[in-house]
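Q: FYI, the numbering for the sequence shown is 745 to 958, going by our numbering.
Structure in structure tokens, see below.
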Amino acid sequence: MRLIIFGPQGAGKGTQAARIGEKFSVPAISTGDIFREAMASGTELGELVEEIVNRGKLVPDDLALELIQKRLEEADTQAGWLLDGFPRNLEQARRLDRYLETTGQHLDAALLLEVSEEITAHRIMGRRVCSQCGANYHVDAPPQVDWKCDRCGGDVVARSDDQDEDAIRQRLQTYLKETKPLGEYYEDKGLLRRIEGNGSRDEIFARVLEKVGR
Numbered sequence: 745m746r747l748i749i750f751g752p753q754g755a756g757k758g759t760q761a762a763r764i765g766e767k768f769s770v771p772a773i774s775t776g777d778i779f780r781e782a783m784a785s786g787t788e789l790g791e792l793v794e795e796i797v798n799r800g801k802l803v804p805d806d807l808a809l810e811l812i813q814k815r816l817e818e819a820d821t822q823a824g825w826l827l828d829g830f831p832r833n834l835e836q837a838r839r840l841d842r843y844l845e846t847t848g849q850h851l852d853a854a855l856l857l858e859v860s861e862e863i864t865a866h867r868i869m870g871r872r873v874c875s876q877c878g879a880n881y882h883v884d885a886p887p888q889v890d891w892k893c894d895r896c897g898g899d900v901v902a903r904s905d906d907q908d909e910d911a912i913r914q915r916l917q918t919y920l921k922e923t924k925p926l927g928e929y930y931e932d933k934g935l936l937r938r939i940e941g942n943g944s945r946d947e948i949f950a951r952v953l954e955k956v957g958r
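Structure, rendered in structure tokens:
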């Protein structure tokens, strides 16, 4: 099973990706995790990523694809994988297709989580993240112990840009301009699976399972 999952920020992609990965025993690969691991590695590539991120810029397509390819070549991806956060635009999607073709792989489905702007804003404003491992939480679904990560014990905090309404609107506009067109791209290939993203995590996951036919 090889999947991608996309949708606006706050749609719950990370939460659903983790559940899909656990359900089907495939790695849920987040670009955020990949970038953090690269920055922590101390390699020349990692230092380049850190410099870009610290300047508040998006990691360029070439560099993002290089990191994705390295991750997809690891042993735990042999039975499949799920990408969360990549591709984020049409050029990345085309490059991913070319890479998969050269390695004899194919994408099984592209999952689009569709959520209203009101729900998106609520989820983003209430979102919390582990400062150590990047695990996602929410004020409506906090960690078990006093804002300490259930996974690693790190501090669970709010991202500063999640509290800035102007920043939230800007990220939504970026999604509409760059990432939303992926819907038509994958629909033309017969791979798009639209999923209603409003509701509880369990309700959304049940819809995901219906769409992937498992």
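Don't be surprised by glycine CBs; every beta carbon is placed ideally from N, CA and C.
Could you pull out every residue in the same chain whose Cβ sits closer than 8 Å to the Cβ of Glu795, ignoring the five residues on either side in sequence?
A: Nothing listed; no residue qualifies.
Q: Mark Asn833 as exposed unless 16 or more other C-beta atoms lie within 10 angstroms of its C-beta, in which case mark it buried.
A: Buried, by the Cβ-count rule.
Q: Less than 8 Å between C-beta atoms, sequence neighbours within five positions excluded: which residues of the same chain meet that for Val797?
A: Closer than 8 Å at Cβ, skipping near neighbours: Phe779, Met783, Val803.
Q: Skipping 5 residues on each side, what residues in its chain have a beta carbon closer than 8 Å to that of His850?
A: Around His850: Arg746, Leu844.
Q: Between Asp899, Val770, Gly957, which has its C-alpha nearest Leu827's C-alpha?
A: Ranking the options by Cα distance to Leu827, first place goes to Val770.
Q: If we ignore side chains and look at the alpha-carbon of each, how far apart do Phe936 and Ala854 end up?
A: Contrary to the premise, residue 936 reads as Leu rather than Phe in this sequence. Cα-Cα distance, rounded: 5 Å.
Q: Restricting to Cα atoms, I'd like to know which of Ile812, Glu817, Ser875 is closest to Gln836.
A: When only C-alpha atoms are compared, the closest one is Ile812.
Q: Starting from Ala853, follow the beta strand (DSSP E) in both directions and report where the run begins and ends.
A: From DSSP, the beta strand (DSSP E) with Ala853 extends over 853-858.
Q: For Glu940, list the residues DSSP reports as bridge partners.
A: BP columns for Glu940 point to Glu858.
Q: Any idea what DSSP makes of Arg871, helix, strand or coil?
A: In the structure shown, Arg871 sits in a strand (DSSP, three-state: E or B).
Q: Anyone know if the C-beta pair for Ala755 and Val873 falls short of 8 Å?
A: Not in contact: Ala755 and Val873 (Cβ atoms no closer than 8 Å).
Q: Verify the contact flag: Arg945, CB atom, against every heavy atom of the ligand PLP, threshold strictly below 7 Å.
A: Here there are no bound small molecules, and the ligand PLP is not part of this structure.
Q: Mind checking whether Tyr881 and Val900 have CB atoms under 8 Å apart?
A: Contact flag set, yes.
Q: For Asp894, which residues in the same chain have their Cβ closer than 8 Å to its Cβ, ignoring the five residues on either side in sequence?
A: Cβ within range, chain order: Ala879, Pro887, Gln888.
Q: Assuming the contact rule is C-beta atoms closer than 8 Å, Glu749 and Gln760 should be a hit. Round their C-beta distance to whole Å, please.
A: According to the sequence displayed, residue 749 carries Ile and not Glu. Yes, Ile749 and Gln760 are in contact; Cβ-Cβ is about 6 Å, under 8 Å.
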